[in-house]
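S.K.: To get the numbering used here, take the position in the sequence shown, counting from 1, and add 3.
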Amino acid sequence: MLDEGQYASITEMADAERLDRGYIGRLLQLTLLAPDIVEAVLDGRQPAEVALASLLKPFAAGWEQQGAL
């Protein structure tokens with residue numbers, strides 16, 4: 004939506020989707036997850052502690068550091 008130019012900002016997207024701006028921001032952080040973590044989640048192979056609630060908390064930006072956690 005942002006990448007397609009449909010919305011100019013997170014605030015605009017949050018308003019249009021009737022969601023909290025902070026929540027949208029946390030969801031957008033998920034785009035920074037390492038590909039192997041995304042693949043594991045999509046395949047259902049992630050450890051039990053890797054749930055949406057834990058992924059919405061701040062995490063390392065580097066993919067190698069993410070894997071170490």
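Beta carbons: idealized from backbone N, C-alpha and C, even for Gly. Just so we're clear, the structure is a prediction, and the values are computed from it rather than from any experiment.
1. With distances taken from CA atoms, which of Gly8, Val53, Gly28 is nearest Thr14?
2. In whole angstroms, what is the alpha-carbon distance linking Gly65 and Pro38?
3. Which residues mark the beginning and the end of the alpha helix (DSSP H) in which Asp12 is found?
4. Work out the CA separation of Asp46 and Tyr26 for me, nearest whole Å.
5. Is the beta carbon of Leu36 sitting closer than 8 angstroms to the one on Gln68?
M.R.: Checking against the coordinates, here is how it stands:
1. With distances taken between Cα atoms, Thr14 lies closest to Gly28.
2. 11 angstroms
3. In the sequence as displayed, the identity of residue 12 is Ser instead of Asp. Premise fails: Ser12 is in no alpha helix (DSSP H) and is neither H nor E.
4. 24 angstroms
5. no
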